[in-house]
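First up is the structure itself, then whatever we jot down about it.
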Ligand SMILES: Cc1cc2nc3c(=O)[nH]c(=O)nc-3n(C[C@H](O)[C@H](O)[C@H](O)COP(=O)(O)OP(=O)(O)OC[C@H]3O[C@@H](n4cnc5c(N)ncnc54)[C@H](O)[C@@H]3O)c2cc1C
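Residue numbers (my numbering): 712 to 977.
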């Protein structure tokens, strides 16, 4: 590790100002990705702005139609929240399936979204529920948040403060997980709400995306049967030693069927 400055602000405005004052700094959430990147010298920030002292960034609020989760809320808090489990059980289950207990106790929603790992679970829920990412300066529609491999719509020094997840009628998240890390080799979040059906996919391209052909098929008939014969084109999909592009394409169809079956209580 190399030398860097460290600050632990107590509120959002101090954290945001610190990031603007030093454009080579990075926010530190749970450190689950950032500290590893620093150890490998893939990231060499001049300063870390530790968000753990900003109480306003952590917590869960549930209203009649929205679950709002602060950026510093740990995965384990989401997984264990009775309110989240009542409002969007699929979201609590998603959080409970991330990594292992240590990762869930340290990892945060904001860190996961800002890091934008192509195999992370939460991005599928961001697009699969049509969530809104709130920052210290604006609200970003979930469909516009992920822009590329480890890339987001965030500007330099922009701080995620919370995410608003609309409560659907029914939803489910199913992933085909990497056996060691439990990251999604293929993860699918489906939801049905008054505004329609959404199918959010992660682990398959550079960033999470909506499988619109499946959404169209499910719009009038929210059953696994409606997906019969539907395939995702394998062109350009992620391929590695764990799964080829063709295998991932096939698994997207399978995981989507399973997610719909689970969402409908089948
Ligand atoms: C072994 C292992 C297994 C894992 N398995 C899974 C899995 O199964 N599924 C899954 O989805 N994830 C998985 N993860 C990812 C993990 O759950 C964390 O979400 C992820 O590593 C981000 O960590 P963090 O929250 O500690 O953020 P940090 O590492 O602290 O930060 C990550 C990045 O986000 C930035 N950042 C942090 N907070 C904010 C904010 N509020 N606003 C703006 N920028 C911010 C930081 O500056 C940094 O660039 C795994 C990680 C590990 C190491």
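C-beta atoms are modelled at their ideal positions from N, C-alpha and C, and glycine is treated no differently.
Owing to the predicted nature of the structure, the values given are computational and were not obtained by experimental measurement.
- Its chain contains 834, 835, 895, 898, 919 as the residues whose beta carbon lies nearer than 6 Å to that of residue 913, once the 5 sequence neighbours on both sides are disregarded; these appear in chain order.
- Separation of residue 741 and residue 726 (C-alpha to C-alpha, rounded to the nearest whole angstrom) is 15 Å.
- Rounded to whole angstroms, the Cβ separation of residue 808 and residue 743 is 16 Å, and the two are not in contact under 8 Å.
- The alpha carbon of residue 890 has as its nearest neighbour, out of 953, 715, 837, 788, the alpha carbon of 953.
- The continuous stretches of beta strand (DSSP E) do not include residue 955, and DSSP gives it neither H nor E.
- The three-state secondary structure of residue 862, taken from DSSP, is strand.
- Look at the stretch 864 to 920 and you find these whole runs of beta strand (DSSP E), each 3 residues long or longer: 871 to 877, 881 to 888, 895 to 904, 907 to 913.
- Remark: fewer than three beta-carbon pairs, one from each stretch, lie closer than 8 Å, so the stretch 864 to 878 and the stretch 930 to 944 are not flagged as touching.
- Contact check for residue 723 against residue 768 passes: the beta carbons are separated by less than 8 Å.
- The C-beta distance from residue 882 to residue 900 rounds to 7 Å, short enough to meet the 8 Å contact threshold.
- Taking 7 Å as the cut-off, the C-beta of residue 819 counts as close to a heavy atom of ligand 1.
- Scanning its chain for C-beta atoms nearer than 7 Å, with the 5 sequence neighbours on each side dropped, one finds around residue 803 the residues 789, 790, 792, 795, 796, in chain order.
- Distance from the CA atom of residue 976 to the CA atom of residue 765, rounded to whole angstroms, is 39 Å.
- Between ligand 1 and residue 743, a heavy atom-to-CB distance of less than 7 Å is present.
- Between residue 908 and residue 841, the alpha-carbon positions lie close to 10 Å from each other.
- Of the heavy atoms belonging to ligand 1, none sits nearer than 7 Å to the Cβ of residue 763.
- Counted as a single uninterrupted DSSP element, the beta strand (DSSP E) harbouring residue 717 occupies residues 716 to 718.
- Within its own chain, the residues whose Cβ lies closer than 8 Å to the Cβ of residue 758, once the five positions on either side in sequence are excluded, are 715, 716, 717, 718, 729, 733, 735, 736, 737, listed in chain order.
- Residue 906 has its alpha-carbon roughly 27 Å from the corresponding atom of residue 770.
- Cα atoms of residue 826 and residue 938: separation of roughly 32 Å, rounded to the nearest angstrom.
- Beta-bridge partners of residue 739 (DSSP): 761.
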